[in-house]
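Protein chains: 4
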Amino acid sequence: MTIDAANPHFGSDNYAGVCPEVLDAFREHGGGHCAAYGDDPLTKRACDAIRAWFDRDCEVFFVFSGTAANSLALASICQSYHAIICSPKAHLEEDECNAPAFFSNGARLLPTNDTEGKVTPAELTRLLRAREGDIHFSKSRVLSITQATELGSVYSRDELRTLCDLAHDADLMVHMDGARFVNAVVSLDVHPKEVVEGIDVLSFGGTKMGMPLSEAVVFFNRKLAEDFEYRRKQAGQLASKMRFLAIPWIAMLEDDTWRRYARNANARAQQLAARVRAIPGINIRPVEANGVFLTMPPAMVEPLRRLWKFYPSEHVRFMCAWDTTSEDVEALAADIERLANG
Amino acid sequence: MTIDAANPHFGSDNYAGVCPEVLDAFREHGGGHCAAYGDDPLTKRACDAIRAWFDRDCEVFFVFSGTAANSLALASICQSYHAIICSPKAHLEEDECNAPAFFSNGARLLPTNDTEGKVTPAELTRLLRAREGDIHFSKSRVLSITQATELGSVYSRDELRTLCDLAHDADLMVHMDGARFVNAVVSLDVHPKEVVEGIDVLSFGGTKMGMPLSEAVVFFNRKLAEDFEYRRKQAGQLASKMRFLAIPWIAMLEDDTWRRYARNANARAQQLAARVRAIPGINIRPVEANGVFLTMPPAMVEPLRRLWKFYPSEHVRFMCAWDTTSEDVEALAADIERLANG
Amino acid sequence: MTIDAANPHFGSDNYAGVCPEVLDAFREHGGGHCAAYGDDPLTKRACDAIRAWFDRDCEVFFVFSGTAANSLALASICQSYHAIICSPKAHLEEDECNAPAFFSNGARLLPTNDTEGKVTPAELTRLLRAREGDIHFSKSRVLSITQATELGSVYSRDELRTLCDLAHDADLMVHMDGARFVNAVVSLDVHPKEVVEGIDVLSFGGTKMGMPLSEAVVFFNRKLAEDFEYRRKQAGQLASKMRFLAIPWIAMLEDDTWRRYARNANARAQQLAARVRAIPGINIRPVEANGVFLTMPPAMVEPLRRLWKFYPSEHVRFMCAWDTTSEDVEALAADIERLANG
Amino acid sequence: MTIDAANPHFGSDNYAGVCPEVLDAFREHGGGHCAAYGDDPLTKRACDAIRAWFDRDCEVFFVFSGTAANSLALASICQSYHAIICSPKAHLEEDECNAPAFFSNGARLLPTNDTEGKVTPAELTRLLRAREGDIHFSKSRVLSITQATELGSVYSRDELRTLCDLAHDADLMVHMDGARFVNAVVSLDVHPKEVVEGIDVLSFGGTKMGMPLSEAVVFFNRKLAEDFEYRRKQAGQLASKMRFLAIPWIAMLEDDTWRRYARNANARAQQLAARVRAIPGINIRPVEANGVFLTMPPAMVEPLRRLWKFYPSEHVRFMCAWDTTSEDVEALAADIERLANG
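Chains as they are written, first to last, in this note's numbering: chain A, 1 to 342; chain B, 1 to 342; chain C, 1 to 342; chain D, 1 to 342.
Right, dumping it as structure tokens:
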């Protein structure tokens with residue numbers, strides 16, 4: 001355990017805490033007795049809120065973590081010999097300790113050669129053709145895409161349509177990892193239902209919205225939800241006091257709390273980008289959601305890490321959260337500027 | 001979803017909500033930014049609180065659910081070809097949708113023929129000898145016992161010592177399912193460390209204590225904890241905002257909140273037993289923790305279920321929770337009495 | 001490794017070697033080059049021979065072992081949260097080191113309380129009703145029955161029809177473990193197709209017929225065979241030189257070799273039963289296939305084990321093989337008689 | 001099933017059949033009764049023959065297929081969260097339908113960026129450092145190398161020593177996929193024991209030597225063999241009539257049959273290479289074992305495939321087998337020459 005002194009504010013959007021609306025809802029609904037395991041009115045109300053939010057009939061299941069949401073959604077589609085096509089930057093591939101193979105007892109991730117965070121139609125097509133029908137390899141069964149992506153970009157509706165059509169034409173299902181789904185929705189400035197057209201199952205992230213923890217697996221292709229309750233239970237993802245996974249969704253979706261916070265996170269990323277764009281030596285990737293991915297002179301990285309917590313990899317990443325303030329952004333930008341000016 | 005009108009109060013101790021101390025701690029510690037995935041001061045403080053509480057060095061990991069705590073603890077011991085000896089009433093065997101086999105990719109539950117909720121030395125000895133070394137069967141590797149048991153009883157320290165010695169002599173590890181561990185501790189009226197003598201790994205239940213959700217896997221045999229962080233991550237049991245699993249333990253263990261609530265739950269069970277014991281047709285099992293298991297004339301069951309939520313199986317079960325009141329007990333007892341008197 | 005001196009002849013029907021017809025076929029077809037992994041004329045011919053033998057269209061896949069045949073057949077039906085109803089004496093339950101859970105990543109065996117080797121309609125019905133729809137348990141998905149059974153009996157066609165109808169009515173599939181399928185066929189004296197009416201998938205045993213090793217997974221419900229080739233490959237059950245699993249079936253089924261040997265094995269069991277039935281202290285279960293299951297005075301068991309290899313459990317078991325001779329039987333019977341007479 | 005008319009002779013070394021020495025041994029040892037599951041004198045003799053051949057104490061287990069040998073060997077080392085470093089050309093990665101993840105319930109293959117068939121020290125070092133200790137990725141636990149490689153080359157003893165030292169220094173085990181181990185041994189012209197220095201576990205291929213099927217998992221690091229018998233049984237890889245997996249090893253190793261056939265296969269590859277090397281447009285990779293990997297003008301490929309079965313991928317591959325004759329080679333070479341000359 002290495003608890004460091006750097007300001008954690010842009011380390012990750014899961015470094016943030018819980019928003020007051022959720023705390024208030026816990027206080028309002030968290031006492032008294034009700035049936036466990038989801039058989040209670042609050043869970044029903046939260047599922048209905050999600051259905052209303054999407055304006056679509058769908059099957060909704062709350063689970064504890066994004067890794068579990070992704071892996072259970074994929075396991076409901078994949079047998080052990082299947083392959084999951086994804087970006088090489090996908091959280092699935094890079095940051096889940098091979099959980100999809102664990103939950104499905106062997107299904108393989110098949111990353112494209114894309115380098116920019118999105119799966120491209122060309123790469124999807126190439127993989128769909130490679131070793132098709134070869135039992136010595138594996139059988140491609142799902143396309144998984146992340147919205148917003150792990151590099152801070154957002155698939156347009158046209159891009160989504162093209163990928164979904166390609167996948168479905170090849171008899172693949174489409175999974176969307178929506179750990180930052182609301183950031184994509186406000187970025188595209190459309191109704192949520194338009195972001196899930198063609199999607200069979202969505203991992204809908206609540207934690208990064210401002211909840212303590214809660215993710216929803218949302219099946220728009222309702223056949224895939226068959227027996228999902230058994231699968232969730234067996235995987236240790238069925239909450240006994242389910243209302244505590246449900247209450248935050250009520251607090252977030254029944255009014256526009258989700259939108260207010262997502263807009264703030266995205267706006268803070270824009271602010272940061274605008275603030276540092278002109279600094280010599282800084283190159284910023286397009287900012288479309290709540291993250292800023294940039295490169296900076298290597299000599300700046302370590303001094304900056306002593307001041308701020310962030311993850312330098314191929315890019316330096318700064319994530320803005322529901323509660324990031326203009327002052328936070330300004331303080332970070334000022335430090336970057338100062339270090340750049342040596 | 002069947003949301004019924006019966007009073008849920010004795011349905012299960014996980015029908016209860018969150019206690020005010022935890023809500024207050026969420027408000028106190030739930031804002032601001034800190035590192036994710038457990039690399040934060042609150043998680044460290046909660047782990048230290050557990051170590052202090054047991055007055056033992058041990059490895060502590062928070063997970064989301066009791067099923068996950070049990071299965072991950074067992075998977076850290078078992079290979080796919082191993083067997084787990086347990087009571088036929090064990091939650092593992094009866095209520096986890098074969099999760100231990102899922103997490104360990106095949107390990108088998110080997111229930112004894114005990115009928116009273118506890119594993120007995122005679123049955124453990126019998127199973128240890130049966131098919132020992134027979135590769136066509138499986139290799140016994142763990143004894144799992146539940147404290148307090150699924151039938152409301154509590155293993156004495158002598159019983160625990162005998163079972164642990166038998167298991168260890170046969171090169172088995174001992175796992176304790178402590179979903180209601182604090183109820184056992186207050187029942188035995190000893191220091192917690194005395195209840196885990198000989199135990200290699202404990203699933204320490206927080207949810208039923210009064211938390212929204214949080215379970216701790218506590219390795220007293222620290223070698224078993226090797227790489228457990230990878231295992232937890234891969235299984236989707238690593239909370240990003242880990243502090244929300246940790247904060248409740250701080251609220252519960254740093255002062256005597258845990259004891260106050262566990263004593264209340266146990267006392268309410270005693271009150272209920274005392275209140276209905278003399279009613280003709282009612283036979284009560286010994287009450288040692290927070291549950292009352294009894295038999296009643298079959299004709300009483302359905303009318304009572306219209307009034308109160310409970311699970312009738314071999315026995316009728318009434319569970320008392322951290323927040324059960326004397327008035328709740330009195331109301332239930334009065335209904336039982338009235339129905340018994342026709 | 002304990003290689004003992006006792007005559008192994010009745011130890012098991014897999015103690016026998018390879019029959020000359022198969023050796024001759026290996027010599028005839030085992031040289032020269034042909035495509036691997038089953039894409040060769042001999043494999044096609046063997047599959048056709050099985051289809052002709054059953055006079056039914058079906059999907060046929062050769063695998064190496066009975067455990068694999070059973071587990072892969074079941075994995076093609078079961079998800080990890082499913083249950084497989086079977087006899088408590090089933091090879092699946094007693095002798096496969098929990099392989100079904102390994103191959104399916106968690107599916108549970110759910111043995112009936114039957115004690116006589118067969119699953120009975122009453123027990124099947126009881127289990128179908130117990131905890132139906134309870135996600136905390138598991139979902140029953142397959143009935144697995146063994147023909148001939150592990151206790152030497154054979155399901156009649158009426159018994160099979162009743163069980164299959166009960167299973168299918170409850171939306172379960174039916175698997176038949178046919179490690180000794182040909183012994184059942186000659187015992188019932190019917191066309192093989194009549195023994196698989198209502199069966200969705202059969203593990204058709206070749207090894208005990210007189211092959212060195214080869215088992216066929218035969219899907220009469222052809223939808224279940226979808227992608228089975230991937231599953232077999234991934235499980236390490238795809239032979240590169242597949243013809244060596246196929247050739248023995250050609251040798252056995254294209255003429256009546258199978259029948260001749262199965263009849264011999266069954267007849268030798270009848271001979272043994274007839275020979276020892278009248279001996280005081282010997283109680284013989286009904287002999288319907290190639291095994292004799294009896295009880296004898298405990299004092300006789302050890303002296304007999306020094307002379308003959310056999311497995312004493314609840315019953316003493318003597319298995320007759322394709323090559324067992326009248327002289328072998330007579331020698332065993334004489335020893336039993338001598339020991340019984342003190 | 002696409003049974004084609006092209007001459008299969010160079011399609012793969014597993015297109016070849018069984019050698020006469022093995023057939024004769026089957027006839028000699030394949031009758032009569034002996035204990036099943038390996039508890040017989042022939043299995044003991046074959047294991048001893050392998051130990052004598054390596055002149056080392058080691059644990060030996062026969063299994064049915066190369067995929068199973070590799071996956072079981074790796075599962076005996078890996079937990080579900082581990083990673084296996086290998087070449088991107090490894091059979092493990094390219095041709096086993098993700099079996100390692102299936103057998104280990106999730107372990108991940110981590111291919112190097114090497115393109116020439118061998119793992120290089122530079123790439124191994126790079127991967128050992130990348131994301132070390134990062135629980136969000138996976139923990140590297142094994143280096144798997146193939147000897148002879150999938151591109152027809154052979155690791156020198158120095159190369160092996162360097163890789164094994166690097167791996168062991170990083171606390172990794174080393175697995176060798178020896179599907180064509182004897183071809184490497186005769187190529188290096190050393191005692192077999194010198195090819196396994198530093199190797200913890202070897203998948204020792206029998207099938208391609210000239211057996212119908214049999215692979216040996218050989219643990220030189222004997223601790224890894226603990227409980228392997230359970231693992232093999234559970235995975236459906238325990239032969240009941242084990243002698244039929246053992247007899248071929250007796251036939252091959254007790255005299256120099258293995259060497260004679262391996263030398264022939266390697267010599268035929270050299271002959272083919274020598275014969276076509278000078279043909280314009282043909283570029284041959286170094287030939288060190290029994291395969292010839294070359295590139296040819298694309299226009300030649302399809303006409304040649306109508307005559308000969310082979311697998312064109314990045315390279316055109318021609319495999320020579322134990323029974324390949326000079327005349328076979330000459331016929332193939334003549335066709336290549338003719339097509340090259342238009």
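Just so you know, even glycine gets a beta-carbon here, dropped at the ideal spot from N, CA and C. Please read all numbers here as calculations on a predicted model, not as lab measurements.
- Ser71 of chain A has its alpha-carbon roughly 21 Å from the corresponding atom of Leu128 of chain A.
- Contact between Ala184 of chain A and Gln147 of chain A holds, since their C-beta atoms are separated by about 5 Å, short of 8 Å.
- Residue-level contact by beta carbon holds for Ser71 of chain D and chain C, with a gap shorter than 8 Å.
- Taking the Cα of Gly133 of chain D as reference, the smallest distance to any Cα among D:Asp171, D:Thr112, D:Trp249 and D:Ala49 is reached at D:Asp171.
- With a 10 Å radius around the Cβ and a threshold of 16 neighbouring Cβ atoms, His91 of chain D comes out buried.
- Residue contact check for Asn105 of chain D against chain B: a CB pair falls below 8 Å.
- In this structure, DSSP gives Ile247 of chain D a helical state, which the three-state scheme calls helix.
- Three or more Cβ pairs closer than 8 Å define a contact, and the region 334-342 of chain D meets that threshold against the region 279-289 of chain D.
- In the DSSP assignment, Ser326 of chain A falls outside any beta strand (DSSP E) and within the unbroken alpha helix (DSSP H) covering Ser326 to Ala340.
- Think of a sphere of 8 Å around the beta carbon of Arg108 of chain D: the chain A residues whose beta carbon falls inside it are Asn98 and Ala101, in chain order.
- Excluding five sequence positions before and after Arg222 of chain A, the CB atoms of its chain that fall closer than 6 Å to its own CB belong to Glu59, given in chain order.
- About 6 Å separates the beta carbon of Lys89 of chain B from that of Leu151 of chain B, a gap short enough to meet the 8 Å contact definition.
- A direct Cα-Cα distance of roughly 13 Å separates Gly236 of chain D from Ser80 of chain B.
- Counting of Cβ neighbours within 10 angstroms places Tyr311 of chain A among the exposed residues, the total staying below 16.
- Under the Cβ criterion of 8 Å, Tyr81 of chain D is counted among the residues facing chain A.
- Ranked by Cα distance from His175 of chain B, the first of B:Asp158, B:Val217, B:His136 and B:Phe137 is B:Val217.
- For Tyr230 of chain A, the chain B residues whose C-beta falls within less than 8 Å of its own C-beta are Cys97, listed in chain order.
- Setting aside the 5 residues that flank it on each side, Asp323 of chain A is surrounded in the same chain by Ala16, each with a C-beta closer than 6 Å to its C-beta; the list follows chain order.
- Excluding sequence positions up to five before and after Pro192 of chain C, its CB lies within less than 7 Å of the CB of Trp53, Phe54 and Val185, all in the same chain and listed in chain order.
- In the structure shown, Tyr230 of chain A falls within a helical segment according to DSSP collapsed to helix, strand and coil.
- DSSP places His175 of chain A inside the beta strand (DSSP E), whose first and last residues are Met173 to Gly178.
- For Cys34 of chain B, the chain A residues whose C-beta falls within less than 7 Å of its own C-beta are Pro8 and Tyr15, listed in chain order.
- When secondary structure is reduced to three states using DSSP, Pro41 of chain B falls in the helix class.
- If you compare the alpha carbons of D:Glu302, D:Phe318 and D:Met300 with that of Ile284 of chain D, the shortest gap goes to D:Phe318.
- Under DSSP, His82 of chain B takes part in a beta bridge, and its partners are B:Lys139.
- Listed in chain order, the non-local C-beta contacts of Asn266 of chain B below 7 Å within the same chain comprise Asn183, Val186, Ser187, Ala289 and Asn290, local neighbours out to five positions each way being set aside.
- Ranked by Cα distance from Ser326 of chain D, the options D:Arg263, D:Glu314 and D:His33 are led by D:Arg263.
- Where Gly205 of chain C is concerned, the enclosing beta strand (DSSP E) starts and stops at Val201 to Gly205.
- The C-beta of Lys139 of chain D comes closer than 8 Å to at least one C-beta of chain B.
- Sequence-ordered contacts of the region 121-135 of chain C with chain A read Ile135 [C-beta pairs closer than 7 Å].
- Taking the C-beta atoms as reference points, Ala269 of chain D is found nearer than 8 Å to Val292 of chain D.
- For Arg275 of chain A, the enclosing alpha helix (DSSP H) stretches over residues Thr257 to Val276.
- Here Arg108 of chain D is actually not in contact with Ala75 of chain A; their C-beta atoms are around 16 Å apart, not less than 8 Å.
- Nearest in C-alpha terms to Phe228 of chain B, of all of B:Glu28, B:Phe103 and B:Cys164, is B:Phe103.
- With contact defined as three or more Cβ pairs closer than 8 Å, the region 107-122 of chain C and the region 118-125 of chain B are not in contact.
- Between Gln237 of chain D and chain B, the shortest Cβ-Cβ separation is not below 8 Å.
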